[in-house]
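K.L.:
Okay, here's the structure, questions in a sec.
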Amino acid sequence: MRVSNTAIGLLLIIFACAVLVHVQSFPKLDNDYPGPALFPSVLAVLFIFCGIGLIIQGIRKREKVLKFDLGTVTLTGWINIAFILGTVVCYILLAEYLGFLIFSFVILMILMKWLKVKILSSLVMSITVTLAIYLLFAKVLLVPLPWGLWGW
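Take 616 as the starting number for the sequence shown in my numbering and just add one per residue.
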């Protein structure tokens with residue numbers, strides 16, 4: 616089954632509007648400082664623009680909203696999807712105990728090796744992505760990330 620860009624764009628806009636409605640309930644900060652609603656609101660507006668772009672692209676190509684093709688995803692593709700979803704579930708269950716830095720690095724290495732990425736590329740990307748996410752969330756946005764058993 617293939618979903619058209621028009622349908623995906625519409626779903627993206629609906630999701631973004633739901634986020635914008637939900638963030639209105641977030642607490643406001645004093646002195647006109649941006650509050651916790653700022654980041655989700657900015658992302659929601661970007662999602663709306665992306666959704667509009669997808670709708671325009673789908674209309675220009677005159678795509679069908681849904682196109683059914685049972686051979687679209689192979690068995691290997693389904694196994695890859697299940698493996699990736701399994702690692703996400705493992706991360707949710709174990710990150711608090713193992714810590715963000717170590718567990719994110721390990722998960723990314725495992726995922727990239729599963730998807731047959733070269734070892735050097737896997738190593739460089741795992742370190743880079745883990746540190747970039749850590750710096751963005753822990754240092755810039757001040758979001759506490761789990762330290763795990765080691766506590767460092």
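Glycine included, C-beta positions come from ideal geometry on N, C-alpha and C.
(1) Just curious, the alpha helix (DSSP H) that Q672 is in, first and last residue?
(2) Within its chain, find whatever has a CB closer than 7 angstroms to the CB of P655; leave out the 5 residues flanking it on each side and keep chain order.
(3) Please name the residue, chosen from G714, Y706 and C705, that lies closest to A753 on a Cα-to-Cα basis.
(4) Just to confirm my understanding: we take L644, look at its own chain, exclude 5 residues before and 5 after, and list those with CB closer than 7 angstroms. What are they?
(5) So, is L751 buried or exposed, given that buried needs 16 or more other C-beta atoms within 10 angstroms?
(6) Let me know the secondary structure DSSP gives V638 once reduced to three states.
(7) Under DSSP, the alpha helix (DSSP H) around S741 begins and ends at which residues?
(8) Does V721 come out as helix, strand or coil in the three-state DSSP assignment?
(9) Less than 6 angstroms between C-beta atoms, sequence neighbours within five positions excluded: which residues of the same chain meet that for S719?
(10) Report yes or no: do the region 704-714 and the region 657-666 share at least 3 C-beta pairs separated by less than 8 angstroms?
(11) Taking the continuous alpha helix (DSSP H) assigned at Y706, which residues delimit it?
(12) Let's test the definition: count the other Cβ atoms within 10 Å of the Cβ of L730 and tell me whether it reaches 16, buried, or not, exposed.
(13) For the 8 angstroms Cβ check, are there 3 or more pairs between the region 667-674 and the region 684-698?
(14) Would you decide whether T743 is buried or exposed? Buried here means 16 or more other CB atoms lie within 10 Å of its CB.
P.N.:
The answer reads as follows:
(1) L653 to K676
(2) V634 and V638
(3) G714
(4) G650
(5) exposed
(6) helix
(7) I734 to Y749
(8) helix
(9) T745
(10) no
(11) L690 to L713
(12) exposed
(13) no
(14) exposed
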